[in-house]
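Read in order, the letters of the sequence shown are residues 0 to 328 in numbering that gives the first Met the number 0.
Where a beta carbon is used, it is the ideal one built from N, C-alpha and C, also for glycine.
Everything numeric in this text was worked out from a predicted model, so none of it was measured.
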Amino acid sequence: MATQTLALTRLAASAWGCSVRRAKELYTKVIRSVLAYGASAWHKVADTKKGPALSLTTVQNSCLRTVTGAYKATPQCYLETEAAVPPLDLYLSARAASFEIPTETTGKLQLLRGACIKAAEIINRERSARRRRQRRPQGATSETPVTLWPSDAQLASAKQWLGGQTVEKALKEKWEQRWFHAVTPTRGRRELAAESPPDCGACHRYDDMLKHEASVLMQACTGRIGLRSFLFTCRVPDVPTPLCNCGEGRETAEHLILYCKDFKESREHLATQLAPNSLRTRRDLAALTTKKDTARLIVKWLLRTGRLPLYKRAMEVGGPPEHVNLFRP
Ligand SMILES: [Zn+2]
Numbered sequence: 000m001a002t003q004t005l006a007l008t009r010l011a012a013s014a015w016g017c018s019v020r021r022a023k024e025l026y027t028k029v030i031r032s033v034l035a036y037g038a039s040a041w042h043k044v045a046d047t048k049k050g051p052a053l054s055l056t057t058v059q060n061s062c063l064r065t066v067t068g069a070y071k072a073t074p075q076c077y078l079e080t081e082a083a084v085p086p087l088d089l090y091l092s093a094r095a096a097s098f099e100i101p102t103e104t105t106g107k108l109q110l111l112r113g114a115c116i117k118a119a120e121i122i123n124r125e126r127s128a129r130r131r132r133q134r135r136p137q138g139a140t141s142e143t144p145v146t147l148w149p150s151d152a153q154l155a156s157a158k159q160w161l162g163g164q165t166v167e168k169a170l171k172e173k174w175e176q177r178w179f180h181a182v183t184p185t186r187g188r189r190e191l192a193a194e195s196p197p198d199c200g201a202c203h204r205y206d207d208m209l210k211h212e213a214s215v216l217m218q219a220c221t222g223r224i225g226l227r228s229f230l231f232t233c234r235v236p237d238v239p240t241p242l243c244n245c246g247e248g249r250e251t252a253e254h255l256i257l258y259c260k261d262f263k264e265s266r267e268h269l270a271t272q273l274a275p276n277s278l279r280t281r282r283d284l285a286a287l288t289t290k291k292d293t294a295r296l297i298v299k300w301l302l303r304t305g306r307l308p309l310y311k312r313a314m315e316v317g318g319p320p321e322h323v324n325l326f327r328p
């Protein structure tokens, strides 16, 4: 697993590398496939955030940070929503439920349980023969008990998890419930990402963006961006104040785009580019960052302010060579 995650970090970073779409494809098709291999055998549908799913979630979070170019401090619910990748334990439950439920209707249940009984018989026979050869006393305790799979309890848990819905609907509903529960305490801070509930199409807005542009959009929406407000909160030594140069508020992406008097003229130019869409309120900004074309204009403007020196080199280079197809958005 370490090899696959290392390969992903070699192919994508926050300022360079393959696009969000390509990196997400690599994660879901290569790494998550390995994480979820045989999930129906080891993951209990009712067990959310327990067992192997809990430790594997840290692997997914790490990969999603690489995919989206997010800071380590970015909350898990934002990573999943922005990358349009469901929480791993819910995904594993969906996988397990979609395997276990059809076994009843297709007749595979009897076949699987018959195989379980047969396997236990073979193991017990081999064990008895070995004990006879070693002239050790036969005992009832040496018998391997038959474990039926999927068990009645597993089937009941899967049915309860689905609640009479399709696997896709149950997954979406549970993901939304978890997202609302996670973002409700943060709504006081009003991060832009707290406005967009989970949507599998959400990451399409990153499609035409170069990696550094996508990273800036992700960071601007989640509030974890290399501007003074966030850096001061993280106690970065060279940042003595969270305030913007204009002195009228904390230096956040929202402040620069909507209110900062230092960028009054260039903001008017941005508003012209965004017309007929309005860019006056926070709600306008939240709506514009969900659309592909307007989001890219806003990100390019934010990069041109020069307040994000981390991406200066990426802006100068302007993107990867045309012939490197993997890196094209
Ligand atoms: Zn300002």
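Residue(s) in a DSSP beta bridge with residue i
{"i": "Ala11", "result": "Gly16"}
{"i": "Leu249", "result": "Note that residue 249 is Arg in the sequence shown here, rather than Leu. Answer is Leu242, bridged to Arg249."}
Residue i: CB within 8 Å of a non-hydrogen atom of ligand 1
{"i": "Asp261", "result": "yes"}
{"i": "Asn244", "result": "yes"}
{"i": "His42", "result": "no"}
{"i": "Glu180", "result": "Residue identity check: residue 180 is His in the sequence provided, not Glu. Because no heavy atom of ligand 1 lies under 8 Å away, the Cβ of His180 does not count as near it: no."}
{"i": "Glu267", "result": "no"}
{"i": "Leu284", "result": "no"}
{"i": "His254", "result": "yes"}
{"i": "Glu247", "result": "yes"}
{"i": "Tyr258", "result": "yes"}
Own chain partners of residue i with C-beta closer than 8 Å, once the 5 adjacent residues on each side are dropped
{"i": "Leu161", "result": "Ala96, Ile100 and Ala169"}
{"i": "Leu341", "result": "No answer is possible for residue 341: the residues shown for the chain start at 0 and end at 328."}
{"i": "Lys107", "result": "Pro101"}
{"i": "Leu307", "result": "Val215, Ile224, Gly225, Leu226 and Leu301"}
Close beta carbons around residue i, own chain, < 7 Å, minus the five adjacent residues each side
{"i": "Val323", "result": "Confidence is the limiting factor: at Val323 the pLDDT is only 47, short of 50, which leaves the residue's position unreliable, though a coordinate-based value still follows. Here the set comprises nothing."}
{"i": "Ala82", "result": "Lys23, Leu63, Val66, Thr67 and Cys202"}
{"i": "Lys263", "result": "none"}
{"i": "His254", "result": "Cys243 and Gly248"}
{"i": "Ile116", "result": "Val145"}
Cβ-based neighbour list, residue i, same chain, cut-off 6 Å, excluding 5 preceding and 5 following
{"i": "Glu321", "result": "In this prediction, Glu321 scores a pLDDT of 44, lower than 50, which makes its location untrustworthy; no coordinate-derived value is stated."}
{"i": "Cys245", "result": "Cys259, Lys260 and Asp261"}
{"i": "Lys43", "result": "none"}
{"i": "Leu34", "result": "Leu55"}
{"i": "Ala45", "result": "Ser156"}
{"i": "Thr8", "result": "Thr65"}
Contact test: residue i Cβ vs ligand 3 heavy atom, cutoff 8 Å
{"i": "Glu250", "result": "This structure lacks ligand 3; its bound ligands are ligand 1."}
Closer than 9 Å to chain D by CB, residue i
{"i": "Lys260", "result": "Annotation note: the requested chain D is absent from the structure, which comprises a single protein chain."}
Q. Is the region 213 to 224 close to the region 70 to 77, with three or more CB pairs under 8 Å?
A. Segments in contact, yes.
Q) What are the complete alpha helix (DSSP H) segments, minimum 4 residues, inside the region 143 to 175? A) Taking only runs of at least 4 residues, the alpha helix (DSSP H) segments lying wholly in the region 143 to 175 are 151 to 161.
Q: With a floor of 4 residues, list each alpha helix (DSSP H) that falls wholly inside the region 211 to 238, ordered by position along the chain.
A: Fully enclosed alpha helix (DSSP H) runs of 4 or longer: 227 to 232.
Q. Are the region 175 to 182 and the region 265 to 277 touching, with three or more C-beta to C-beta distances below 8 Å?
A. Result no; under three Cβ-Cβ pairs closer than 8 Å.
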